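Take a look at the structure set out below.
Here's what the structure looks like:
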């Protein structure tokens, strides 16, 4: 685990962090506080957080991608520490590292990063041919190719429909199973071509026919929605009163989980109808801060991958015994 100080980085070589200024401004309320960037990526948000921290401040980064961990080791700042962990295991990772003090803020920048998409060998994109992998951590779990070889046709269709919102999920799943009976799907180009052939009629303008299928498989292989739910279940325990939770989502499935969680935790205890109330209802554990925020037209124009982003912010309520 490496300690780090921000260093100049060529903007052509790193992920362009979306809503950078907005996220960091919402997150850092105490320059001397303790913060977690639970999705370090290539460190764009982390560098901006460190630039705002006082010498007594502390930032802990988490990521499950070994390449992100390697990027974090390029930093050199005694206020920073990187932990190799998925953000769904945030509590256990912090406890194992001895980082047990309450946090002033937690940042989640969900989804896949530009370097992951742009590196053909990772198998996240159909833009260039590469192995059909899609794992955030290639050293663990099952690749997309292996999952497609063993999953039943009905299960493949369900994943494409639920995680990719793919209209032709059944047709694509059937085509995958017919193909694997002859030879396994091993590359992104093979899968993209198969999906293209399986879809009938008119296509969505400006969108590759395989976009939804690749998104669905990536979410399935990495259990991305489960990771979000597991992380959110822990944040109230980890945040100090007044600590901030900042989440940037990139598609409706992610944002729906975040939105429902924040709303639920902001309402407090809800009693069944007809139950007499003898005192003030228990307050919510979180307080919503402002409305959901999207990138500016300027940012969306200069960075097409920012167009679907949405940021939500909540603050840990004063200690009330609920946690």
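In this note's numbering, the protein residues as written are 1079 to 1401.
For every residue, glycine included, the Cβ atom is placed at its ideal position computed from N, Cα and C.
Given the structure is predicted, the values throughout are model-derived calculations rather than measurements.
Suppose you measure from the CA of residue i to the CA of residue j; what does that come to, to the nearest Å?
i	j	result
residue 1365	residue 1388	18 angstroms
residue 1201	residue 1172	30 angstroms
residue 1286	residue 1223	20 angstroms
residue 1362	residue 1344	4 angstroms
residue 1140	residue 1178	15 angstroms
residue 1143	residue 1175	18 angstroms
residue 1272	residue 1303	26 angstroms
residue 1148	residue 1379	30 angstroms
residue 1138	residue 1260	48 angstroms
residue 1250	residue 1336	30 angstroms
residue 1109	residue 1234	47 angstroms
residue 1322	residue 1375	26 angstroms
residue 1316	residue 1164	16 angstroms
residue 1162	residue 1118	10 angstroms
residue 1152	residue 1158	11 angstroms
residue 1136	residue 1274	48 angstroms
residue 1212	residue 1309	21 angstroms
residue 1381	residue 1373	10 angstroms
residue 1126	residue 1279	47 angstroms
residue 1394	residue 1346	12 angstroms
residue 1281	residue 1128	45 angstroms
In chain order, what residues of the same chain lie with their CB nearer than 7 angstroms to the CB of residue i, ignoring the 5 residues before and after it?
i	result
residue 1123	1095, 1098, 1101, 1102, 1115, 1185, 1187
residue 1087	Because the pLDDT of residue 1087 is 35, which lies under 50, any placement of that residue in the model is unreliable, and the question is left without a value.
residue 1368	1391
residue 1396	1319
residue 1206	1198
Do you know whose CA, among the options, lies nearest residue i's CA?
i	options	result
residue 1298	1167, 1238, 1343, 1105	1238
residue 1320	1164, 1229, 1166, 1392	1392
residue 1384	1111, 1192, 1178, 1149	1192
residue 1231	1247, 1221, 1309, 1243	1247
residue 1133	1112, 1208, 1121, 1197	1112
residue 1371	1394, 1382, 1276, 1333	1333
residue 1314	1340, 1129, 1294	1340
residue 1258	1229, 1279, 1236, 1282	1229
residue 1190	1207, 1150, 1146	1146
residue 1307	1225, 1338, 1128	1338
Less than 8 angstroms between the CB of residue i and some heavy atom of the ligand NAP, yes or no?
i	result
residue 1110	Ligands in the displayed structure: none, and consequently the ligand NAP is not present.
Please say whether residue j and residue i have beta carbons closer to each other than 9 angstroms?
i	j	result
residue 1181	residue 1241	no
residue 1019	residue 1227	A question about residue 1019 goes unanswered here, because the residues of the chain that appear run from 1079 up to 1401.
residue 1210	residue 1291	no
residue 1305	residue 1166	yes
residue 1244	residue 1294	yes
residue 1277	residue 1168	no
residue 1197	residue 1183	no
residue 1160	residue 1150	yes
Only counting the same chain, and skipping five residues up and downstream in sequence, which positions put a Cβ closer than 8 angstroms to that of residue i?
i	result
residue 1090	Low local confidence applies: a pLDDT of 35 at residue 1090 is under 50, so the model's placement there is unreliable, with the coordinate-based value given in what follows. So the list is empty, once near-sequence residues are dropped.
residue 1130	1102, 1106, 1109
residue 1288	1204, 1269, 1270, 1273, 1274
residue 1300	1212, 1213, 1214, 1219
residue 1296	1190, 1202, 1212, 1222, 1302
residue 1377	1096, 1097, 1384
residue 1225	1295, 1298, 1299
residue 1283	none
Leaving aside the five residues before and after residue i along the sequence, list all residues of the same chain whose C-beta is less than 6 angstroms from its C-beta, in chain order.
i	result
residue 1083	With a pLDDT of only 34 at residue 1083, under 50, the local geometry of the prediction cannot be trusted, and the value read off the model is given with reservation. For residue 1083, where only same-chain residues beyond five positions count, the Cβ hits under 6 angstroms are 1154, 1155.
residue 1195	1202, 1203
Answer yes or no: does any C-beta atom of chain C fall closer than 9 angstroms to that of residue i?
i	result
residue 1256	In the displayed structure, chain C is absent; only one protein chain is listed.
> If we count Cβ pairs, one from each stretch, closer than 8 angstroms, do we get three or more for the segment 1320–1334 versus the segment 1376–1395?
Replying inline: yes
> Is the number of C-beta pairs between the segment 1214–1223 and the segment 1244–1256 that are closer than 8 angstroms three or more?
Replying inline: no
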